[in-house]
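A.B. asks: Residues in the sequence shown are numbered from 0 upward in steps of one, following numbering that gives the first Met the number 0. Glycine is no exception: its CB is placed at the ideal position from the N, C-alpha and C atoms. First the structure, then my questions, so here it is.
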Amino acid sequence: MKQFKAESKRLLDLMINSIYTHKEIFLRELISNASDAIDKLYYKALSDGNTGLNRDDFAINLIPDKEKRTLTITDNGCGMTKDELDADLGTIAKSGSLNFKQAMDKKENIEIIGQFGVGFYSAFMVAEKVTVLSEAFGSNEAWKWESSGTEGYTLEPCSKQGNGTEIILQLKPDTDDEKYGEFLDTYHIKSLVKKYSDYIRYPIKMDMEKSRLKEGTKDQYETYTENETLNSMVPLWRKNKNEITQDQYNQFYKDKFGDYENPAKVIHMYVEGASNFHALMYLPAHAPFNFYTRDYEKGLQLYSNGVLIMDKCADLLPDYYSFMRGIVDSEDLSLNISRETLQHDRQLKLIAERIDKKIHSELETMLKNDREGYEKFFKNFGLQLKYGIYQDYGAHKEELQDLLLFYSSSEKKLVTLKEYVDRMKKDQKYIYYACGDTVDHVDKLPQSETVKDHGYEILYMVDPVDEFAVSMLAKYADKEFKSVSADDLGLETEEEKKEVEKKAEENKDMLTFMKNTLGDKVSSVVLSQKLKTHPVCLSTNGAISMEMEKVLNSMPNVEKDKIKTKRVLEINSSHPIFAKLCDLYKDDKDTLKEYAQLLYEQALMIEGVAVDDPVDFSNHICKLMAK
Numbered sequence: 000m001k002q003f004k005a006e007s008k009r010l011l012d013l014m015i016n017s018i019y020t021h022k023e024i025f026l027r028e029l030i031s032n033a034s035d036a037i038d039k040l041y042y043k044a045l046s047d048g049n050t051g052l053n054r055d056d057f058a059i060n061l062i063p064d065k066e067k068r069t070l071t072i073t074d075n076g077c078g079m080t081k082d083e084l085d086a087d088l089g090t091i092a093k094s095g096s097l098n099f100k101q102a103m104d105k106k107e108n109i110e111i112i113g114q115f116g117v118g119f120y121s122a123f124m125v126a127e128k129v130t131v132l133s134e135a136f137g138s139n140e141a142w143k144w145e146s147s148g149t150e151g152y153t154l155e156p157c158s159k160q161g162n163g164t165e166i167i168l169q170l171k172p173d174t175d176d177e178k179y180g181e182f183l184d185t186y187h188i189k190s191l192v193k194k195y196s197d198y199i200r201y202p203i204k205m206d207m208e209k210s211r212l213k214e215g216t217k218d219q220y221e222t223y224t225e226n227e228t229l230n231s232m233v234p235l236w237r238k239n240k241n242e243i244t245q246d247q248y249n250q251f252y253k254d255k256f257g258d259y260e261n262p263a264k265v266i267h268m269y270v271e272g273a274s275n276f277h278a279l280m281y282l283p284a285h286a287p288f289n290f291y292t293r294d295y296e297k298g299l300q301l302y303s304n305g306v307l308i309m310d311k312c313a314d315l316l317p318d319y320y321s322f323m324r325g326i327v328d329s330e331d332l333s334l335n336i337s338r339e340t341l342q343h344d345r346q347l348k349l350i351a352e353r354i355d356k357k358i359h360s361e362l363e364t365m366l367k368n369d370r371e372g373y374e375k376f377f378k379n380f381g382l383q384l385k386y387g388i389y390q391d392y393g394a395h396k397e398e399l400q401d402l403l404l405f406y407s408s409s410e411k412k413l414v415t416l417k418e419y420v421d422r423m424k425k426d427q428k429y430i431y432y433a434c435g436d437t438v439d440h441v442d443k444l445p446q447s448e449t450v451k452d453h454g455y456e457i458l459y460m461v462d463p464v465d466e467f468a469v470s471m472l473a474k475y476a477d478k479e480f481k482s483v484s485a486d487d488l489g490l491e492t493e494e495e496k497k498e499v500e501k502k503a504e505e506n507k508d509m510l511t512f513m514k515n516t517l518g519d520k521v522s523s524v525v526l527s528q529k530l531k532t533h534p535v536c537l538s539t540n541g542a543i544s545m546e547m548e549k550v551l552n553s554m555p556n557v558e559k560d561k562i563k564t565k566r567v568l569e570i571n572s573s574h575p576i577f578a579k580l581c582d583l584y585k586d587d588k589d590t591l592k593e594y595a596q597l598l599y600e601q602a603l604m605i606e607g608v609a610v611d612d613p614v615d616f617s618n619h620i621c622k623l624m625a626k
């Protein structure tokens, strides 16, 4: 028995037990090696001027045998000589594919999957013994390489029909934790081929047991065996766009991603340059049920030369485009030794940048040319774009701001920021917005009255993240955003300001009395410059608004340290209630305390904030009604 030509047996043990995350990967590796062997023969034949070989003559066969407990993988590729078996399989991490690729690269660019020479040894994860029968193309002798792992291997002559390689795995016995026998189940093997090797360019075949109605009967069935091709071979994304129908795109999406509905949009691209790659991406017509939960995993499927490397590569998509589904296939990826993860991310970053720009461009086109379709998309995923504005300290706000939609008080529909600014009145200084739980709620806010009276459009923001996103934007087209709840809306004339200031000074003591009555519930009680017909409203001092307070306090782990804004109770000095307050301050300060509390709680409800004590609120009303 020969010993492996590695530094130690421990290296092989490491290859078998530590490199690969999932045992099922062994089948991907052996199929990829078989594909490489066929590629070597095909490319070498072409370079030697041998045109007698046809791609259609090549195939990879899988043969499970439950009785013998063996799984055999065969190919009719280049095969190996005795010296190649000894050198390539006897020396761990020596890759015949890599040597071949380096030799051929000088002549032409070819796609060979294996480079590290360790994929073959993944077979020992599931097999207690591995036998390799191989005959090199053009040779008339075959050789058998056999090993049970770290103890070494034997190499001796054997008989074999034709060139190529046959790998026979004697599977390990099943244990309580590991069921190696599942790799002999034809339907499980088929699912693994579809998952990892569906786009190997040569047919992967296996005998499948099927049933059919017996001829001449109505309810009797018979079983039969059919040699079935398990893989698709030619990836849809590598075909020309003009060869693919919309129905084919749709069906591929449904089959690949398990959706019941056609996608809203298809993005098919091929990029050449610093990093070459194919991409086929889909914009779903609806959000997955778990999209806005922690369980949702973003990412595109990542392939290297048609072999699945990662099922969900999160680094290919920014969070704000996490709704996209699809596939990226590149021959330029630098993979780690197990081909399960990326060795470094330079190429990945280049690919991600191009994908980011392409998705943005397609959404812009959709917004421009298919407004109805875009609004449906925004209803499903617009929230994610708004999160993108706020994330990373606003790093992506310039890219995303023109994709946002908000409900317009004047248009009564969703509008873009550009559409709002383009129709702003000449004397309008700000982009006005109002926040609340629903459009109906926002439309009735007392703070909106003054802005509406001036004929200015208001953007209604009803998503929790809206005001955070707007605060990050700060401006659009040099126009500052202004909440209708802000202290200064920039709408009052100097005369109006002076009149309110005069009344506030005259009633300074009453306002202070009401503030003291409410205690730390408010930072101050003032006369409003924004109210017209409503008696009262709440505003805030500082960066955190009432709406932000609601959002922040609804988050987990804030029960002990509730966030409290600096609330300001604003009173309309033109409303009859103000005259009543003035009279009570002169004659009945105890009742004024009841009024102050009641007005504050009314203002809370207008903002959509629950009162602290509903029973006490009810008692206040009843007490005042009885007077």
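Straight-line CA distance for Leu282 to Gly298?
C.D. replies: Those two C-alpha atoms are separated by around 13 Å.
A.B. asks: What is the DSSP secondary structure of Leu537, counted as helix, strand or coil?
C.D. replies: Strand.
A.B. asks: As a quick exercise: from Thr153, Lys39 and Glu371, pick the residue whose alpha carbon is nearest that of Ala284.
C.D. replies: Checked all of Thr153, Lys39 and Glu371; the closest Cα to Ala284 is Glu371.
A.B. asks: Buried or exposed: Asp529, going by 16 or more other Cβ atoms within 10 Å of its Cβ?
C.D. replies: Correcting the residue identity first, residue 529 is Lys in this sequence and not Asp. Classification for Lys529: buried.
A.B. asks: Should His277 go down as buried or exposed, given a rule of 16 or more other Cβ atoms within 10 Å for buried?
C.D. replies: Buried, since its Cβ has 16 or more Cβ neighbours within 10 Å.
A.B. asks: Report buried or exposed for Gln2, applying the criterion of at least 16 other Cβ atoms within 10 angstroms of its Cβ.
C.D. replies: Looking at its Cβ environment, which holds fewer than 16 other Cβ atoms inside 10 Å, Gln2 is exposed.
A.B. asks: Would DSSP call Lys81 helix, strand or coil?
C.D. replies: Residue state, collapsed to three classes: helix.
A.B. asks: Do you know whose CA, among Pro63, Gln169, Tyr455 and Ser133, lies nearest Ser158's CA?
C.D. replies: The option with the nearest alpha carbon to Ser158 is Ser133.
A.B. asks: Alpha carbons only, please: which of Lys348, Thr164, Thr292 and Asp611 is nearest the one belonging to Lys81?
C.D. replies: Out of Lys348, Thr164, Thr292 and Asp611, Thr164 has the C-alpha closest to the C-alpha of Lys81.
A.B. asks: Which two residues bound the contiguous beta strand (DSSP E) that contains Pro156?
C.D. replies: Element bounds for Pro156: Tyr152 to Cys157.
A.B. asks: For Asp426 and Ala433, I'd like the C-alpha separation in whole angstroms.
C.D. replies: Near 20 Å, if we compare the C-alpha coordinates of Ala433 and Asp426.
A.B. asks: Do Ala33 and Gly76 have their CB atoms nearer than 8 Å?
C.D. replies: Cβ distance < 8 Å, so Ala33 and Gly76 count as in contact.
A.B. asks: Would Glu177 and Ser147 be called neighbours here (beta carbons separated by less than 8 Å)?
C.D. replies: The answer is no: Cβ separation not under 8 Å.
A.B. asks: Could you check if Ser544 is buried or exposed, using at least 16 other CB atoms within 10 Å of its CB as the buried criterion?
C.D. replies: Ser544 comes out buried.
A.B. asks: Taking a contact to mean a Cβ-Cβ separation below 8 Å, would you say Ile326 touches Tyr302 in this structure?
C.D. replies: Against a cut-off of 8 Å, the Cβ pair of Tyr302 and Ile326 comes out as a contact.
A.B. asks: Rounding to the nearest angstrom, what Cα-Cα distance links Tyr389 and Val438 in this structure?
C.D. replies: Spanning the two alpha carbons is a distance of roughly 22 Å.
A.B. asks: The alpha helix (DSSP H) that contains Gly387, what's its start and end?
C.D. replies: Element bounds for Gly387: Arg370 to Tyr389.
A.B. asks: Assign His395 to one of two classes, buried (16 or more other C-beta atoms within 10 Å of its C-beta) or exposed (fewer than that).
C.D. replies: Buried, by the Cβ-count rule.
A.B. asks: Using the Cα positions of Arg211 and Glu225, report the straight-line distance between them to the nearest angstrom.
C.D. replies: Going from the Cα of Arg211 to the Cα of Glu225 covers about 12 Å.
A.B. asks: Could you tell me which whole beta strand (DSSP E) segments of length 3 or greater appear in the region 249-326?
C.D. replies: Within the region 249-326, the complete beta strand (DSSP E) runs of at least 3 residues are 264-270, 276-282, 299-303 and 306-312.
A.B. asks: Rounding to the nearest angstrom, what Cα-Cα distance links Asn261 and Ile37 in this structure?
C.D. replies: Roughly 37 Å between the two C-alpha positions.
A.B. asks: Indicate whether Tyr386 and Val469 have their beta-carbon atoms separated by less than 8 Å.
C.D. replies: No; because the gap between Cβ atoms is not below 8 Å, this pair is not in contact.
A.B. asks: Whose C-alpha, out of Pro234, Thr185 and Glu363, is nearest the C-alpha of Ile199?
C.D. replies: Per the Cα distances, Pro234.
A.B. asks: Going straight from the alpha carbon of Lys367 to that of His359, what length do you get?
C.D. replies: Computed Cα separation, rounded: 12 Å.
A.B. asks: Out of curiosity, what's the CA-to-CA distance linking Cys627 and Leu413?
C.D. replies: There is no way to answer for residue 627, as the model of the chain reaches only from 0 to 626.
A.B. asks: If Ser321 sits next to Gln346, beta carbons under 8 Å apart, how far is it from one beta carbon to the other, in whole angstroms?
C.D. replies: No, Ser321 and Gln346 are not in contact; Cβ-Cβ is about 21 Å, not under 8 Å.
A.B. asks: Bridge partners of Cys434, per DSSP?
C.D. replies: Answer by DSSP bridge pairing, in chain order: Met460.
A.B. asks: Is the number of C-beta pairs between the region 515-525 and the region 583-599 that are closer than 8 Å three or more?
C.D. replies: Output reads yes: the region 583-599 touches the region 515-525.
A.B. asks: Across which residues does DSSP place Met205 in a beta bridge pair?
C.D. replies: DSSP lists Leu61 and Glu227 as partners of Met205.
A.B. asks: Based on Cα-Cα distance, which residue from Pro534, Lys588, Leu551 and Val550 lies nearest to Gln569?
C.D. replies: The amino acid occupying residue 569 in the given sequence is Glu; Gln does not appear at that position. Nearest of Pro534, Lys588, Leu551 and Val550 to Glu569, Cα basis: Pro534.
A.B. asks: Indicate the three-state DSSP secondary structure (helix, strand or coil) for Ser121 in the structure shown.
C.D. replies: Ser121: helix per DSSP, three-state reduction.
A.B. asks: Using the Cβ count rule (16 or more neighbours within 10 Å means buried), how would you classify Ser121?
C.D. replies: That one is buried.
A.B. asks: The beta strand (DSSP E) with Lys133 in it runs from where to where?
C.D. replies: One detail in the question is off: residue 133 reads as Ser in this sequence, not Lys. Element bounds for Ser133: Ala126 to Glu134.
A.B. asks: If I'm right that Leu70 touches Trp144 with Cβ under 8 Å, what's the distance once you round it to whole angstroms?
C.D. replies: Actually they are not in contact, since the Cβ atoms of Leu70 and Trp144 sit about 17 Å apart, beyond 8 Å.
A.B. asks: Provide the residue span of the beta strand (DSSP E) that contains Ser31, from first to last.
C.D. replies: It is not in any beta strand (DSSP E) - Ser31 instead sits in the alpha helix (DSSP H) that spans Ile24 to Ser46.
A.B. asks: Thinking just about the alpha-carbon of each residue, which of Ile430, Ala313, Leu29 and Met471 is nearest to the one in Tyr459?
C.D. replies: Considering only alpha carbons, the answer is Ile430.
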